[in-house]
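These notes concern the structure reproduced below.
Numbering (my numbering), first residue to last: 193 to 379.
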C-alpha cells in the first residue's frame with residue numbers, strides 16, 4: 193500500500209521477505225539499509241499463503257525523509273569500504289532504476305502511483321550516489337588557530353545572551369574573533 197492504493201507492479205509485488213524465524217537460528221546482517229536475515233545452515237524456508245500488508249509510506253514527505261536516511265546510510269557504508277562515486281554514475285543508475293521499475297517491471301500498470309514511485313525511486317537512487325560523491329568533495333577543515341570563539345548561551349530571558357555579547361566585545365578588543373549567538377529555548 194502506497195500513495196492511496198495497493199502497488200502490484202514495478203518490482204513491489206510480490207516481495208518475498210523473510211519475516212518469521214527462530215531467534216536462536218537466525219540474525220540480521222550488518223547492512224545499514226535493507227538488512228537481510230541470515231539463517232543457520234540447514235534451515236528450511238517456506239512461503240506462507242496470503243499477503244502481509246505493509247503500509248510503507250504515509251506521504252511523499254515521509255518517503256523523501258526515509259529515502260534521505262537510507263541514502264546517507266548507504267553512502268556511509270560504502271565510504272567506510274573505501275568506495276567512491278561520480279554524479280554520472282548517479283544519473284545513470286537513477287535512469288536505470290526508473291526504466292526498470294516503470295517499463296520493465298510494468299510500474300506503468302499502477303497508474304499515477306506507479307509513475308510517482310518510479311520517479312521517486314530514481315531520485316532516491318541518484319541521491320545516494322550524489323551523497324557518496326559529495327563526501328569526497330568536503331574541503332579540509334580550517335586550521336585551528338585558537339582565535340575563534342563562538343558563544344551560544346541562553347537562559348530564555350536574555351541575561352546570558354547579554355553576558356555572551358559583552359564577553360565577545362572584550363575578547364574582540366584583545367584581538368580574538370568572537371561571535372555571540374542567541375540560542376532558541378527548546379525546553
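Glycine included, C-beta positions come from ideal geometry on N, C-alpha and C.
Ordered along the chain, which non-local residues of its own chain (more than five positions away) have a Cβ less than 6 Å from that of residue i?
| i | result |
| --- | --- |
| residue 218 | 229 and 231 |
Would you kindly check if the distance between the Cβ of residue j and the Cβ of residue i is under 7 Å?
| i | j | result |
| --- | --- | --- |
| residue 282 | residue 321 | yes |
| residue 328 | residue 285 | no |
| residue 264 | residue 323 | yes |
| residue 203 | residue 293 | yes |
| residue 296 | residue 201 | no |
| residue 290 | residue 310 | yes |
| residue 251 | residue 325 | no |
Alpha carbon to alpha carbon, how far is residue j from residue i? Give it in angstroms, no decimals.
| i | j | result |
| --- | --- | --- |
| residue 249 | residue 273 | 30 Å |
| residue 298 | residue 210 | 24 Å |
| residue 305 | residue 244 | 20 Å |
| residue 216 | residue 235 | 12 Å |
| residue 212 | residue 318 | 33 Å |
| residue 247 | residue 367 | 59 Å |
| residue 242 | residue 199 | 15 Å |
| residue 376 | residue 253 | Reliability of the predicted coordinates at residue 376 is poor, the pLDDT of 47 falling under 50, and the value obtained from them is presented with this limitation in mind. If you take the alpha carbons of residue 376 and residue 253, they lie about 26 Å apart. |
| residue 207 | residue 240 | 12 Å |
| residue 233 | residue 205 | 28 Å |
Among the options, which residue has its Cα nearest to the Cα of residue i?
| i | options | result |
| --- | --- | --- |
| residue 194 | 206, 308, 366 and 358 | 308 |
| residue 214 | 237, 206 and 208 | 237 |
| residue 288 | 314, 269 and 363 | 314 |
| residue 382 | 239, 242, 269 and 253 | Since the first and last residues shown for the chain are 193 and 379, residue 382 lies out of range. |
| residue 262 | 233, 312 and 316 | 316 |
| residue 258 | 233, 205, 358 and 312 | 312 |
Please return the same chain residues whose Cβ sits closer than 8 Å to the Cβ of residue i, not counting the five positions on each side in sequence.
| i | result |
| --- | --- |
| residue 220 | 227, 228, 229 and 230 |
If we define contact as Cβ-Cβ less than 7 Å, is residue i a contact residue for chain C?
| i | result |
| --- | --- |
| residue 282 | Considering every chain present, this structure includes no chain C. It has just one protein chain. |
* Complete alpha helix (DSSP H) runs within the stretch 257 to 294 (minimum length 4 residues, chain order) -> 279 to 291
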